[in-house]
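Numbering (mature numbering (1 follows the signal peptide of the UniProt record, and there is no 0)), first residue to last: -25 to -1, 1 to 46.
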């Protein structure tokens, strides 16, 4: 048994049916109701002030300068 002797299925149905008065005034033709197929995608164009800078890794034989020899 569920809450206060009410079977769980009956309790779930009561909860679901309690939402009907809230949803009933919604009209799909109302301009304030969003439809599920509306899309609000935004296109963003990226531009860079400087051209792409490629970093070429070179071999460093000096252990003290390992993190400085990246070009």
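No residue lacks a Cβ here, since even glycine has one placed at the ideal position from N, Cα and C.
From a predicted model like this one, the values you see are computed outputs, not experimental measurements.
Between the alpha carbons of residue -15 and residue 5 lies a distance of about 33 angstroms. A direct Cα-Cα distance of roughly 13 angstroms separates residue -10 from residue -2. Counted as a single uninterrupted DSSP element, the stretch harbouring residue -7 is not any alpha helix (DSSP H), since DSSP gives it neither H nor E.
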